[in-house]
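In the UniProt record's numbering, the protein residues as written are 1 to 205.
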């Protein structure tokens, strides 16, 4: 039996089936889009977590390196101070207690110069290790704060930032040339003082 518009039940059923299929297709498409969005979010979270773990491990490595360098710097500094004290004590003893002679004075002066040169080397090594330790400490802190700094960025922006920072980490070396190095010119005043002591003792004798 057809309705007043001229449609029968078969037409209505067909129209209903088509509408239902269309709705199902739209719903399926929406579900696919939602699933794809969830997958992308999961991938993003995994990538971010992997980056955080990598940053943390690298920061830990820099922290260990910093501790090693500072320990080495303290060792060289202690050795330099001990050697300087020994040289000064020997110089004062030889200048005041030993019999005065030109040969002994030159021998004692040579020992003092050698000791002070060794002191300069130890002091320079201590400064270089300390500079490396400070550089590693800065890198460690920056790596630990990288994730928090880039938390509000997109994945692409975070990867770009991490790439730039990675190139800096693996290409930049700790600079020791910016700070003055201990050399023979730095021990000249001490050496001159030793010579003056020897001269005064020899003159008084």
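We put the CB at the ideal spot given by N, CA and C, even for glycine.
- The beta carbons of residue 161 and residue 143 sit no closer together than 9 Å.
- Exclusion of the five residues before and after residue 133 leaves 66, 69, 70, 73 as the residues of its chain whose Cβ lies within less than 7 Å of its Cβ.
- When the five nearest sequence neighbours on each side are left out, the beta carbons in the same chain lying within less than 6 Å of the beta carbon of residue 58 are those of 143, in order along the chain.
- In the three-state reduction of the DSSP assignment, residue 67 falls in the helix class, which pools H, G and I.
- Counting along the chain, residue 171 sits inside the alpha helix (DSSP H) bounded by residues 155 to 171.
- Here DSSP, grouped into helix, strand and coil, assigns residue 97 to coil.
- Under the 10 Å beta carbon count, residue 130 is surrounded by 16 or more other beta carbons and is classified as buried.
- Distance check between residue 80 and each of 127, 154, 141 places 127 closest, using alpha-carbon atoms only.
- Around the beta-carbon of residue 60, fewer than 16 other beta-carbon atoms lie within 10 Å, marking it exposed.
- With contacts defined by Cβ atoms closer than 9 Å, residue 140 and residue 112 do not form a contacting pair.
- By the neighbour-count criterion, in which a residue is buried when 16 or more other Cβ atoms sit within 10 angstroms of its Cβ, residue 87 is buried.
- By the Cβ-count criterion, residue 167 is exposed, with fewer than 16 other Cβ atoms from all chains shown falling within 10 Å of its own Cβ.
- Counting only runs of 4+ residues, the alpha helix (DSSP H) found wholly inside the stretch 101 to 156 occupies 102 to 149, in chain order.
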